[in-house]
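Scroll down for the structure; my scribbles are underneath it.
In my numbering, the protein residues as written are 934 to 1122.
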């Protein structure tokens, strides 16, 4: 402290200029300390920003307990959509707690290697457009970020019966936590 005072006294600067420089250095030191202390929280800022700008992009954050949490942001249409890996293929899915099971559109079923013509459409399901036929299937692997499930019950909708695949309760009920807030949906393993 004595050396700092001697350095200030020896410089030919005015007291006002010296105080201004000290305040600038104080702000810089506080900013660096803040960034260091909150560095873990800052790592996810870029992902959160990107998720808000890119529809369907999930943000993966690590909670204070060390578990993973997926955050989905609400789209302009009011729905939550996620890019889901199904049997190794990425499929955009609408998160639907009203759907009893994961439901694949005819086209998405073909994308993941299911041959819809070989299925038995023995189920009658209620959709937003009314009754439709669907075939029961079991998905080998379904994942959103680090949350992975195997052997998930699903259905394949008859051709033209479903425009977009649905992430339904056969996946969602396996989560440790599903929390909906105003503009985001949080999933924990």
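Cβ coordinates follow ideal geometry from the N, Cα and C atoms, glycine included.
- As the crow flies, the alpha-carbon of residue 1014 is around 14 angstroms from that of residue 1078.
- Rounded to whole angstroms, the gap between the alpha carbons of residue 963 and residue 949 is 21 angstroms.
- Assignment of beta-bridge partners to residue 1006 by DSSP yields 1117.
- When the five nearest sequence neighbours on each side are left out, no beta carbon in the same chain lies closer than 7 angstroms to the beta carbon of residue 966.
- Leaving aside the five residues that flank residue 996 on each side, the residues in its chain whose CB is nearer than 8 angstroms to its CB run, in chain order, 1002, 1121.
- Between residue 1094 and residue 1074, the CB-CB gap reaches or exceeds 8 angstroms.
- Secondary structure note for residue 1044: it is in no beta strand (DSSP E), and the uninterrupted alpha helix (DSSP H) holding it is 1039-1044.
- Beyond the five residues adjoining it in sequence on each side, residue 1072 comes within less than 7 angstroms, by CB distance, of 1019, 1020, 1035, 1085, 1087 in the same chain, given in chain order.
- Per DSSP, reduced to three states, the secondary structure at residue 949 is helical.
- Counting only the Cα atoms, residue 1000 lies some 21 angstroms from residue 1102.
- Residue 1026 holds the alpha-carbon nearest to the alpha-carbon of residue 1042 among 1033, 1030, 1026, 1057.
- Inter-residue distance for residue 1063 and residue 1080 is about 32 angstroms (C-alpha atoms, whole angstroms).
- Within its own chain, the residues whose Cβ lies closer than 8 angstroms to the Cβ of residue 1039, once the five positions on either side in sequence are excluded, are 1049, 1089, 1090, 1091, 1092, 1093, 1094, 1095, listed in chain order.
- Note that the C-beta distance between residue 991 and residue 1099 is not below 8 angstroms.
- DSSP, read as helix, strand or coil, puts residue 1067 in strand.
- Per DSSP, residue 1059 is one residue of the beta strand (DSSP E) stretching across 1056-1060.
- Distance from the CA of residue 952 to the CA of residue 1119, rounded to the nearest whole angstrom, comes to 48 angstroms.
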